[in-house]
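Chain order of the listed sequences is A and B.
Count along the first sequence from 1, add 1076, and you get the number used in the working numbering.
Count along the second sequence from 1, add 105, and you get the number used in the working numbering.
Idealized CB from N, CA, C, for every residue including glycine.
From a predicted model like this one, the values you see are computed outputs, not experimental measurements.
Input: a single structure, listed below in structure tokens.
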Amino acid sequence: MVEELEPALIRAAAAGDLKAFETIVRAYQQHIWRFLRRFLGDAAAAEDVAQETFLRLYRSLPGFAFQAKFSAWVFKIARNAALDELRRRQRRERVAVAAAAALDSGAVSGGGTAGETKVEIEAALAALPADLRETVVLVEVFGLPYAEVSAVVGAPVGTIKSRMFRARERMQDWARTGEEAANGL
Amino acid sequence: MGCEATRLAVSLRHDGELPDGPEHDALDEHLAGCSECRQFEQDAARLRARLRLEPVDEVPDIAAAVLAELRAGAAAPAPRAARRPLVAAAVAAVAGMVAGATFVGIGRSPQSPAAADIPSEVVAAQHDVQSVDARFTLSESSRPDDRRGRLAYEAPETLALSVEGGSSLLVDQDAWWEVSRRECSPVAGRVNCPGETTRWVTTVTGREPFSLSAPIPLELVTPVDSFALAATTDESGLGRRTIAGHAAVGVTVTAAQVAPFLAGLAEAADLRPMYPADPVEMWLDADHLVPLAVDVRAADDAWRPRWAAAQGVVDRPGEVVVAFTVTSLQVNEPVPDDAFDPPRGRPDATVRAGFRPTGTTVAPSPGRLPEGFREYRAGTVTTPGGPRVGVRSWTDGRAWLTVRATEGWLGGHLFGDLGPDVRPLDLGSAGQAYVSADGRLVALHGDGIDVVVSGSLEPDQLQAVAADLGVVGQPVPAGWSEATSGTLILATDAVPGLLAPRHLTGFGAAAVRVDNQAVSQVYAGPGDRGFTLVQDPTAGRLAPSGAGDEVAVAVRGQAGRYSYERGELEWVERGVTRTLRSTTLTLGELLAIAEGLRPA
């Protein structure tokens, strides 16, 4: 789902070629923004953190050793930038607020079943702890294999397995509520 | 296969992570006979469908904003690192030999125009801060929950600091209080031990003006000590951000540099240990230079895991170990009075520090004060067994100046706690002065009077005050410990081929001492940063080592060695043993300093 780029392009960007770097940003900006929006639960914050991610990426390009997948590396930088952001705004409080806001905005703008389903799932995601949330988004939304998720979040594959299992258990009720809402039950 | 194992296997298979084999059959067999596990499988599929059903919001054009930012900063990624003189050169020098000295966050950032000016701006800003009311959160990797806290300040020296689950501290001019929790130890036969801990109030009265032994340093308000000697050509700017509604400017420093700030916070918060080389992102209010956010990360340093193990902590390189974040801030607005209410009830312990205001004092006043300074508290300090000390102080906002003097100094070393390494300074008609290595204390040994000037001002301002007191300083008597302090020019007689750092930024001038032919130069930097260079011509080789913490290092083309435990880089050059020693700089930084040494 997420493409890999030519090493020559990455090397050119690392050497300061802004045109090459722009190509990299355009290749990944949609993925990174989607990941961050899901992870942070907030589109505006996702935009800010995505910018920060690519600025950090640019500064750290010379350190990329081509030993890992470049896409996983970009996700890792985005994930760290997002964690910094969450830490800054006191994780739990803000997540609760984001969940409440998602519910509010959905009720006002949507009203239909699709809107409610979306809102339910956003709130369910927002209610997860950050480590489960990032794992769910990378696996479910981006289809990343566990090994790559492991590289992105810096946890062993075994931990990713149990996180996905726990996340599924915790999100089941939400999934079912969403389904019932969609079916008009 | 039980339900729990089945659901885990369902979860894995759903993600394509269940290896081929008989487990698939066992799984299907269980599912066929268990409706609850089938439900789990269906729910997993629903969840994925829900999650992938994304709104088709327009993706913002991030590339345009990022490119604009990069072009504005004219940043180049690779050469940036090489331009940071101290650290990057050292990283190159040890490449392939020692995996240390890589700094998270250093040399990675386009220079913010404001970053280079931060040290001088911080020192200047202290004159304009009259009050601060800040709420903050503290998060530590060693604690599951964030803690909230508050810092309130009114110039010149009224401060309140409290942290959830920690202590409450209050300093109000000549008194201070500490409210802490103490373990209650039940005594046999007595049941008066409510709960596990008990509130304990300590109070100190008779506090000297601006006494550094107060539990809340002014560093928390404006981090003057953390920046006073910092290099102004530093390139570690982080740009700008908004924190708690305030424009903030950020720099990357080290835990050693902002140690005075962190230590102040730790007084109330009981913070986890931090490694001196841990990189710190410090964000300061752009207008008043009040700290808004401080993120301490675990350094990626070869020795750090050993250090962490000794401290009983486990940190991943780059992980944020301590984060201080202001959530609301008011500067120069009235602070509610109750912020400074002393704790209720009778104190459990009372300490008298010995200061009392008096109309006359032996402390002299300077002929001219720094602009805007007004007279503040003055009096006399009497301590058991110590000489009577007169104190005068002046202030303008958070900035301060004191002159302490005594007529009863017994000698042996200079009055004023300058430390063993001092720099002689010629004050012209005011005679001979001695300056502490960090430049913050200026002492005069006069005829019948010993004086020390200190304050939060620039060293040259403190020296001007010392020169204007009407006291003529004399060289210390031969028996005093400062008698061996000298100048580099004199020291070259003791060690031919003496080396000294050239183009050193971020440190004060050397405090030089000659002891039995060995010459030591002490350099103080901002906060706790500093190093000592010792050159000994009497031993032509390195002493045998027994410690297992040493690594072989090439220094200036010579075979040298470095001890992580002692923080010592040693080598022999032209028959002279040279040692660079520091507990706050990394091997990388010491190597860079070594490479910059030239004949004195």
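Reduced DSSP secondary structure (H/G/I, E/B, other) of residue i
{"i": "B:Ala659", "result": "strand"}
{"i": "B:Arg189", "result": "Low confidence applies to B:Arg189: its pLDDT is 26, below 50, so where it sits in the model is not reliable, and the reading given next is rough at best. Reduced to three states, the DSSP call for B:Arg189 is coil."}
{"i": "A:Glu1123", "result": "helix"}
{"i": "A:Phe1111", "result": "helix"}
{"i": "B:Trp412", "result": "helix"}
{"i": "B:Thr589", "result": "helix"}
{"i": "A:Arg1239", "result": "helix"}
{"i": "B:Asp277", "result": "strand"}
{"i": "A:Tyr1104", "result": "helix"}
{"i": "A:Val1217", "result": "helix"}
{"i": "B:Gly665", "result": "strand"}
{"i": "A:Trp1149", "result": "helix"}
{"i": "B:Gly693", "result": "helix"}
{"i": "B:Tyr481", "result": "strand"}
{"i": "B:Thr507", "result": "strand"}
{"i": "B:Asp330", "result": "helix"}
{"i": "B:Thr463", "result": "coil"}
Option in the options with minimal Cα separation from residue i
{"i": "B:Glu655", "options": "B:Asp531, B:Pro396, B:Gly662, B:Arg666", "result": "B:Arg666"}
{"i": "B:Ala657", "options": "B:Trp676, B:Glu670, B:Arg646", "result": "B:Trp676"}
{"i": "B:Glu141", "options": "B:Asp130, B:Ser246, B:Asp405, B:Thr111", "result": "B:Thr111"}
{"i": "A:Arg1209", "options": "A:Asp1124, A:Glu1123, A:Gly1092, A:Ile1236", "result": "A:Ile1236"}
{"i": "B:Glu587", "options": "B:Val234, B:Ala371, B:Asp133, B:Gln537", "result": "B:Gln537"}
{"i": "B:Tyr84", "options": "B:Ala648, B:Arg683, B:Gly693", "result": "A question about residue 84 of chain B goes unanswered here, because the residues of chain B that appear run from 106 up to 705."}
{"i": "B:Trp505", "options": "B:Gly524, B:Arg479, B:Val527, B:Trp514", "result": "B:Arg479"}
{"i": "B:Gly459", "options": "B:Val547, B:Ala257, B:Arg493", "result": "B:Arg493"}
{"i": "B:Asp375", "options": "B:Asp405, B:Pro489, B:Arg248", "result": "B:Arg248"}
{"i": "B:Ala398", "options": "A:Asp1160, A:Met1240, A:Pro1083, A:Val1229", "result": "A:Asp1160"}
{"i": "B:Ala596", "options": "B:Ile223, B:Trp585, B:Val624", "result": "B:Val624"}
{"i": "B:Pro649", "options": "B:His119, B:Cys108, B:Val619, B:Thr682", "result": "B:Thr682"}
{"i": "B:Pro471", "options": "B:Ala510, B:Pro447, B:Val486", "result": "B:Ala510"}
{"i": "B:Leu690", "options": "B:Trp408, B:Ala542, B:Ser236", "result": "B:Trp408"}
{"i": "B:Leu603", "options": "B:Gly477, B:Pro642, B:Thr610", "result": "B:Pro642"}
{"i": "A:Gly1117", "options": "B:Asp148, B:Leu156, B:Gly138, B:Leu530", "result": "B:Leu156"}
Rounded Cβ spacing between residue i and residue j (contact assumed at less than 8 Å)
{"i": "A:Leu1112", "j": "A:Ala1090", "result": "Actually they are not in contact, since the Cβ atoms of A:Leu1112 and A:Ala1090 sit about 23 Å apart, beyond 8 Å."}
{"i": "B:Thr327", "j": "B:Phe445", "result": "Wrong, their Cβ atoms sit about 19 Å apart, outside the cutoff."}
{"i": "A:Leu1220", "j": "A:Arg1114", "result": "With 8 Å as the limit, A:Leu1220 and A:Arg1114 do not qualify as a contact, their Cβ atoms being about 13 Å apart."}
{"i": "B:Arg482", "j": "B:Leu323", "result": "B:Arg482 to B:Leu323, Cβ: 15 Å. No contact."}
{"i": "B:Gly632", "j": "B:Pro365", "result": "5 Å"}
{"i": "B:Arg402", "j": "B:Val426", "result": "7 Å"}
{"i": "B:Leu175", "j": "A:Leu1094", "result": "6 Å"}
{"i": "B:Ala697", "j": "B:Leu334", "result": "Not confirmed; about 17 Å, so no contact."}
{"i": "A:Val1228", "j": "A:Leu1214", "result": "6 Å"}
is_contact[residue i, chain B] using C-beta, thresh 8 Å
{"i": "A:Ala1144", "result": "no"}
{"i": "A:Gly1234", "result": "no"}
{"i": "A:Glu1079", "result": "no"}
{"i": "A:Val1101", "result": "yes"}
{"i": "A:Gly1230", "result": "yes"}
{"i": "A:Val1217", "result": "yes"}
{"i": "A:Lys1152", "result": "no"}
{"i": "A:Phe1241", "result": "yes"}
{"i": "A:Trp1269", "result": "Past the boundaries of the shown model lies residue 1269 of chain A; chain A is included only from 1077 to 1261, so the question cannot be answered."}
Heavy atom of the ligand ATP within 7 Å of residue i beta-carbon
{"i": "B:Phe445", "result": "Absence of the ligand ATP from the depicted structure is noted, as is the absence of any ligand whatsoever, leaving it without description."}
The beta strand (DSSP E) enclosing residue i, as first and last residue numbers
{"i": "B:Asp238", "result": "236-245"}
{"i": "B:Ala398", "result": "396-402"}
{"i": "B:Ser534", "result": "That residue, B:Ser534, is in no beta strand (DSSP E); it is neither H nor E in DSSP."}
{"i": "B:Leu389", "result": "384-390"}
{"i": "A:Leu1208", "result": "Looking at the DSSP string, A:Leu1208 is not in any beta strand (DSSP E); the run it does join, the alpha helix (DSSP H), is 1206-1212."}
{"i": "B:Gln435", "result": "425-436"}
is_contact[residue i, chain A] using C-beta, thresh 8 Å
{"i": "B:Ser625", "result": "no"}
{"i": "B:Val165", "result": "Per the sequence shown, residue 165 of chain B should be read as Pro rather than Val. So, interface residue."}
{"i": "B:Leu172", "result": "yes"}
{"i": "B:Ser668", "result": "no"}
{"i": "B:Glu269", "result": "no"}
{"i": "B:Glu122", "result": "yes"}
{"i": "B:Asp148", "result": "yes"}
Continuous alpha helix (DSSP H) stretch holding residue i: start and end
{"i": "B:His550", "result": "Run containing B:His550: none in the alpha helix (DSSP H); it sits in the beta strand (DSSP E), 546-550."}
{"i": "A:Ser1226", "result": "1222-1229"}
{"i": "B:Ala111", "result": "Reading the sequence as shown, one finds Thr at residue 111 of chain B and not Ala. Taken as a continuous stretch (DSSP letters only), the alpha helix (DSSP H) holding B:Thr111 covers 108-119."}
{"i": "B:Gly138", "result": "128-138"}
In chain order, what residues of the region 1114-1135 of chain A put their CB closer than 7 Å to some CB of chain C? Chain labels in this structure do not include chain C; the protein chains are A and B.
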